[in-house]
Every structure is written in C-alpha cells, then in structure tokens.
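Please read the structure below before turning to the comments.
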Amino acid sequence: MIPASKQIGFAAISTLNLEWLKKRSPVDVISPFHHLVSDVPVPYIDKLYAFKNSGQFAADLDYLLRHFQPFTLEEVIAQMSTGRPFEKKGFLICFDDGLRQVYEIAAPILLRKGVPAALFLNSAFVDNKEIFYNFKKGLILDKLDRLPVNAAFLLESGRLLQQKIDTLRQLRTVIRSVNYLNRQRVDELGPLFGLDFELFRRQERPFMTTPEINDLIAKGFAVGSHSVDHPLYALVPLKEQIRQTRESTDWTTKTFGLPYKAFAFPHIDRPGIGPRIGQ
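Letter by letter, the sequence shown follows residues 6 to 284 of this note's numbering.
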C-alpha cells in the first residue's frame, strides 16, 4: 500500500502534468466517447468491448468537470466554423450507435450533473428496424462459452464460415474476423448456435426509439449521424461511403428537425486513425 503522503504527491504530479498538457495542447476540446453505460452484463456486447458501469461513468464525469469545461455539440460546430479558440479547454461527451442504455442509464447521470452530450445514430438501427451485425457476433461468442464443442461442431462452423477450423480458439478468432462485407455469415451461423436473431431484435430491442431520442433532444442532448448501418468505410467503395454519409445525415436532420449537421465515422475514419466529428 502507498503511504498517504506519497498518494498526495502522486495526485499533485498528475494534476500538474494535466495542467501542463492543457496549456500546451493545440486541442481545445477533447471528445471522450462511449457506446453505453450498464450495471449488468450485456451479452451481445460483453465479448466485443468493455464499457463503464454507472459509478465509473459518474466518476469520469466528476473528473472531467474538475479540469475541463463541458461543451455542447452546437458550440463545437460553431467554434469549428469560426476558427476562434475557446477561452478554456473543454470536453464533449459522445455516444455512438444509439443504444437504449444511453437513454435508460447514461442520460439521467448526465442530466443530474449538468453535462451535455451528443448521440450519433445509425439510421437503420433506430427503432430497432435492424440489428448491427457485430451484436450478432457478440451473441454467438457469448453462447460459444456455454456450448459443448466437438469436432463435428467445428467442422460445421467452418463450413458456414468458409474456413477450415480445427480448434475452439481458432473458431473464436474467425467469428471475430467477420466484417461488414461477409456479415451474412453470422446470420448463417446463428441457427447452429441456437440463436434466433429476429426474436432477439423484437425482445431485447437494443437501440433507442424515435420518441426516446426526441425526449433527449428536448432535454438538451444533441444528435448526429453515424452512417446507415455501420460499415468500416475502408472496406466499401467511395460511392458507398458517400451514400452512407449523406443518407444517414439527411435522415437524422429531417427526422429530428435539427438546425445543424454532424457526423461521426463508424469504426474509424481511415486505417490507424480514431473516429471523430465532422460537420
């Protein structure tokens, strides 16, 4: 255990480093982004990526509020348009994909702390019209942990995935490698794992609905687009990238009567570079 005096010293050094970085950084706004906040397991996401629980998320907001100024999406868009720097370094909280846990868990915490946020939506997923293929992968990977796997099962999985699979570890790797272009393979794999994705869509309803999003907009949340159905842009032709961007942005602004346009790239904007906002 670190002595109390040492803990204070480390805290002071950490704060000093942060203040030093803030003064010298050319970035006026940092943009922490999340997908969801949940206090219970989420089977279709647990195997894909980590997420914060409500206590961790609240603690993160408290830290940001101590050191940065919260900004709205419209303030950031205005700053980008004029080029004038903000007087104080700030942050904009973003949520990608429009998951229902944002409405149920994250939004009440943000409202309680007075922190604005921007929600980036996939037009095909709002109202649970479709299910993100990655969530199907997540359900398969979750189910795989509870299934007896023998040689016959591996053989049939390999046939459906169009790869030779000899081990459970290899099967997990191949399932994770399914991408937007061959996403139909997870649909074909579902029955082998005893999964009914249509039943999951109707019962679980993982995405927010239009009324829920309108409710959040009325409470001060901002909304942007995040493509139609979440492809990795590096995998699809430029014409399809443009269609996904324009169609989703036009749908979002028209559906919710927005006076601005904002877009966050799904996955990443180009290989090796993280996603972020573009007007």
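In this text, a Cβ means the ideal position worked out from N, Cα and C, and glycines have one as well.
key: For F76 and A157, the rounded distance between their alpha carbons   = Separation of A157 and F76 (C-alpha to C-alpha, rounded to the nearest whole angstrom) is 55 Å.
Going straight from the alpha carbon of K148 to that of E92, what length do you get? If I take the Cα positions, the gap works out to 51 Å.
>> Just to confirm the assignment, what range does the alpha helix (DSSP H) spanning F62 have?
In response: Start and end: 59 to 72.
- Item | Where A269 sits in the DSSP three-state scheme | Secondary structure at A269: strand, using DSSP grouped into helix, strand and coil.
Worksheet item: Taking the C-alpha atoms as reference points, what is the distance between L144 and E24?
Response: Roughly 43 Å separates the two Cα atoms.
For Y108, does the count of other Cβ atoms within 10 angstroms reach 16, so buried, or fall short, so exposed? Flag for Y108 reads buried.
When the Cα atoms are used, what is the spatial distance from K118 to D132? A direct Cα-Cα distance of roughly 28 Å separates K118 from D132.
Taking only three categories from DSSP, how would you classify L160? Reduced to three states, the DSSP call for L160 is helix.
CB of F226 within 8 Å of CB of L124, strictly:
At a Cβ-Cβ threshold of 8 Å, F226 and L124 count as neighbours.
Whole-Å CB distance - I98 paired with V120, under 8 Å assumed: Yes, they are in contact, since the Cβ atoms of I98 and V120 sit about 6 Å apart, within 8 Å.
*From R251 to D234, what does the alpha carbon distance come to, in whole angstroms?*
Roughly 13 Å between the two C-alpha positions.
Whole angstroms are fine: how far does the CA of L221 sit from the CA of T214?
Cα-Cα distance, rounded: 11 Å.
Problem - Inter-residue spacing [alpha-carbon to alpha-carbon] between L237 and S182 - result: In this structure, the straight-line span from the alpha carbon of L237 to that of S182 is close to 13 Å.
Worksheet item: For the candidate residues Y185, S162, N184, whose alpha-carbon lies nearest to that of R174?
Response: Per the C-alpha coordinates, the member of Y185, S162, N184 positioned closest to R174 is S162.
Are there 16 or more other CB atoms within 10 angstroms of the CB of H231, so buried, or fewer, so exposed?
-> Label assigned to H231: buried.
- Query: From this set, T257, G229, D274, which residue's C-alpha is nearest L243's C-alpha?
  - Reply: Minimum Cα distance to L243 is reached at D274.
* Asked: Roughly how many angstroms lie between the CA atoms of L204 and K52, to the nearest whole one?
  -> So the alpha carbons of these two residues sit roughly 20 Å apart.
Q.
Tell me the DSSP secondary structure of V191 in three-state form.
A. Helix at V191.
Our contact map puts F73 next to F96 with C-beta atoms below 8 Å; I'd like the distance itself, whole angstroms only.
Indeed, because the Cβ distance is near 5 Å, the residues count as touching under 8 Å.
Could you give the distance in angstroms between the alpha-carbon of V34 and the alpha-carbon of R164?
-> Cα-Cα distance, rounded: 48 Å.
Exercise for the section: For N127, count neighbouring C-beta atoms within 10 Å of its own C-beta (all shown protein chains included) and say buried if the count is 16 or more, exposed if not. Expected result: Classification for N127: buried.
Minimum C-alpha distance to A64 - residue among I136, L146, I114
Ranked by how close their Cα comes to the Cα of A64, the residues I136, L146, I114 have I114 in first place.
Can you check whether the CB of L176 is closer than 8 Å to the CB of L159?
Closer than 8 Å, so yes.
Exercise for review: Let me know the secondary structure DSSP gives D255 once reduced to three states.
Suggested key: Three-state DSSP puts D255 in a helix.
Checklist entry - Taking just the CA atoms, how far does A111 sit from P216? => result When rounded, the distance between both Cα atoms is 17 Å.
**Asked** Measuring CA to CA, which of L70, V42, A55 is closest to F62?
**Response** Per the Cα distances, V42.
For L186, count the other beta carbons within 10 Å of its own beta carbon; 16 or more makes it buried, fewer makes it exposed. Which is it? Counting C-beta atoms within 10 angstroms of its own C-beta, L186 has fewer than 16 neighbours from the protein chains shown and is therefore classed as exposed.
Next item on the list: Can you tell me which of V32, Y54, R71 puts its alpha carbon nearest to the alpha carbon of G88?
Entry: The option with the nearest alpha carbon to G88 is V32.
request  = Compute the Euclidean distance between the alpha carbons of L197 and V154, then round it to the nearest angstrom.
outcome  = Cα to Cα, L197 sits roughly 11 Å from V154.
- Task: Pick helix, strand or coil for P153, following the three-state DSSP scheme.
- Result: Coil.
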